[in-house]
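The numbering of the sequence shown is the UniProt record's numbering, which starts it at 1 and goes up by one.
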Amino acid sequence: MQQLFIGLDVHKKTWAVTIQEEHLVVKRFTMEANAAILVNYIQKHFPHHQVQCCYESCCCGYHIYHSLTAAGWQVLVVNPGDIARGHKLAVCKTDKIDSTHLAQELAAGRLTGIYIPSHEQEQFRSLFRRRNDLVKNIRRIKCSIKSMLLYYGIVLPKKYDTITWSKEMLQWLGQQHWSYTPATTAMHSRLAELEFLKTQFLQVSKELRIYTRKNHRQDYYLLRSLPGVGPLTAIGVLAEVGDIRRFKGIDRLSAYVGLVPAVHSSGGRTYTKGLTRRSKALLRSYLVEAAWVACKKDPVLMQYYQERKGGDHKKLIVKLAAKTLSRMYHVIKTGEPYQLEKVKALA
Numbered sequence: 001m002q003q004l005f006i007g008l009d010v011h012k013k014t015w016a017v018t019i020q021e022e023h024l025v026v027k028r029f030t031m032e033a034n035a036a037i038l039v040n041y042i043q044k045h046f047p048h049h050q051v052q053c054c055y056e057s058c059c060c061g062y063h064i065y066h067s068l069t070a071a072g073w074q075v076l077v078v079n080p081g082d083i084a085r086g087h088k089l090a091v092c093k094t095d096k097i098d099s100t101h102l103a104q105e106l107a108a109g110r111l112t113g114i115y116i117p118s119h120e121q122e123q124f125r126s127l128f129r130r131r132n133d134l135v136k137n138i139r140r141i142k143c144s145i146k147s148m149l150l151y152y153g154i155v156l157p158k159k160y161d162t163i164t165w166s167k168e169m170l171q172w173l174g175q176q177h178w179s180y181t182p183a184t185t186a187m188h189s190r191l192a193e194l195e196f197l198k199t200q201f202l203q204v205s206k207e208l209r210i211y212t213r214k215n216h217r218q219d220y221y222l223l224r225s226l227p228g229v230g231p232l233t234a235i236g237v238l239a240e241v242g243d244i245r246r247f248k249g250i251d252r253l254s255a256y257v258g259l260v261p262a263v264h265s266s267g268g269r270t271y272t273k274g275l276t277r278r279s280k281a282l283l284r285s286y287l288v289e290a291a292w293v294a295c296k297k298d299p300v301l302m303q304y305y306q307e308r309k310g311g312d313h314k315k316l317i318v319k320l321a322a323k324t325l326s327r328m329y330h331v332i333k334t335g336e337p338y339q340l341e342k343v344k345a346l347a
């Protein structure tokens, strides 16, 4: 059966499409962003072809992938950073050129697709990320309230100048006297937004815990058996990584999360540039926090920290985070919880 290679440059409203047979481009066009229309077109004009298709990972997610694979196509979703581009493509970039380049690279077998999460993991991850968005929004509105006080020269009492905001502090903010009603309305609007965000945060956090304990119970409690790994870190690993068992080794898992260095090697010299930018940045930050706590509870990690604490502080905590991730991988792969008491007895 003859092969058909399709490169898609996808956008919200339109797709640029390049269709190629072996080494010959047979069709280029721009169409409405609709997978069903593309499938119908290929079935009508290329009915006896085996179809391979690719597009770059983007804001459109994976619904295109699922729609096209349902039609029997082989589909790759590619990280844009993994696509080789020469200088010509760098200085001259159009949707047509991009789709053609994708089709050519696909036909040459030079593309590697990224991992496609299941529908369940996608939606689980969406809820986890929504919680983190709410944390950012709460922080933002608190800064906005403090900025308004600073602008009008209102000094916040020292007992209220803390990270956590008590009900008493919120009442104090609401009772502030302003010369004119617009400022009163502006402050009350901010306080109402803060109250709404806090309610949403509590609701989403509760739903996240309930869902995880119900649908990922075994892995959740395996991760929780590790010192330093709290509920949020365990949920984050399950939501962002998915099934850890799919990784063949800890090195691949560490690279996926981003706990590996960026390395440049040339002419017999190797330079380490710090942590790779290709990472699960949010999850990596949670692992670093978990490592700090684990270091205080686990005698093995504490000993490792004490022996090296005179060196680079940032590098050391990243190494501890990598060790924490390695332990996560071990307990999930073996199905056995971490035995802290045995570790303490051996220490």
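Just so it is clear, CB atoms sit at the ideal spot from N, CA and C, and this is done for glycine as well.
When the Cα of residue i is compared with those of the options, which residue comes out closest?
| i | options | result |
| --- | --- | --- |
| residue 29 | 181, 16 and 271 | 16 |
| residue 32 | 13, 109, 320 and 59 | 13 |
| residue 69 | 84, 302 and 116 | 116 |
| residue 358 | 24, 192, 21 and 63 | Outside the modelled stretch of the chain, which goes from 1 to 347, sits residue 358, for which no answer is possible. |
| residue 202 | 285, 213 and 128 | 128 |
| residue 285 | 259, 297 and 312 | 259 |
| residue 205 | 126, 272, 270 and 147 | 126 |
| residue 191 | 207, 215 and 165 | 165 |
| residue 158 | 152, 172 and 253 | 172 |
| residue 277 | 294, 257 and 287 | 257 |
| residue 333 | 274, 301, 250 and 271 | 250 |
| residue 214 | 225, 235 and 227 | 235 |
| residue 222 | 98, 328, 146 and 19 | 328 |
| residue 335 | 96, 219, 27 and 156 | 219 |
| residue 178 | 136, 3, 92 and 149 | 149 |
| residue 61 | 198, 119 and 226 | 119 |
| residue 45 | 309, 27, 55 and 34 | 27 |
| residue 320 | 24, 304 and 311 | 304 |
| residue 140 | 245, 183, 193 and 106 | 193 |
| residue 112 | 161, 94, 83 and 145 | 83 |
| residue 326 | 93, 207, 273 and 229 | 229 |
| residue 11 | 50, 2, 135 and 95 | 95 |
| residue 50 | 269, 297, 134 and 2 | 2 |
According to DSSP, is residue i helix, strand or coil?
| i | result |
| --- | --- |
| residue 18 | strand |
| residue 27 | strand |
| residue 133 | helix |
| residue 111 | coil |
| residue 336 | coil |
| residue 6 | strand |
With a 10 Å radius around its C-beta and 16 neighbouring C-beta atoms as the bar for buried, classify residue i as buried or exposed.
| i | result |
| --- | --- |
| residue 240 | buried |
| residue 262 | exposed |
| residue 100 | buried |
| residue 264 | exposed |
| residue 168 | exposed |
| residue 114 | exposed |
| residue 247 | buried |
| residue 42 | buried |
| residue 216 | buried |
| residue 143 | exposed |
| residue 210 | exposed |
| residue 233 | buried |
| residue 9 | buried |
| residue 295 | buried |
| residue 271 | exposed |
| residue 108 | exposed |
| residue 93 | exposed |
Between residue i and the rest of its own chain, which residues show a CB-CB distance below 6 Å, the 5 nearest in sequence each way excluded?
| i | result |
| --- | --- |
| residue 124 | 239 |
| residue 121 | 242 |
| residue 53 | 6, 68, 73 and 75 |
| residue 39 | 71 |
| residue 103 | 5, 7, 18 and 20 |
Starting from the C-beta of residue i, find all residues in its chain whose C-beta is less than 7 Å away, skip the five residues before and the five after it, and write them out in chain order.
| i | result |
| --- | --- |
| residue 65 | 75, 77 and 116 |
| residue 130 | 204 |
| residue 237 | 223, 283 and 328 |
| residue 137 | 197 |
Give every residue of the same chain whose Cβ lies closer than 8 Å to the Cβ of residue i, excluding the five residues on either side of it in the sequence, and list them in chain order.
| i | result |
| --- | --- |
| residue 57 | 77, 78, 79, 80 and 114 |
| residue 244 | 219, 237, 253, 328, 329, 332 and 333 |
| residue 280 | 240, 241, 256, 257 and 258 |
| residue 208 | 127, 128, 131 and 235 |
Would you mind listing the beta strand (DSSP E) stretches within the UniProt domain "Transposase IS116/IS110/IS902 C-terminal" (222-306) that are 3+ residues and don't spill past its ends, in chain order?
261-266 and 269-275
Which runs of the beta strand (DSSP E) fall wholly inside the region 46-103 and span at least 3 residues, in chain order?
49-56 and 74-78
Report the residue ranges of all alpha helix (DSSP H) runs contained in full by the region 149-219; include only those spanning at least 4 residues, in chain order.
The region 149-219 contains these whole alpha helix (DSSP H) runs: 167-174 and 181-215.
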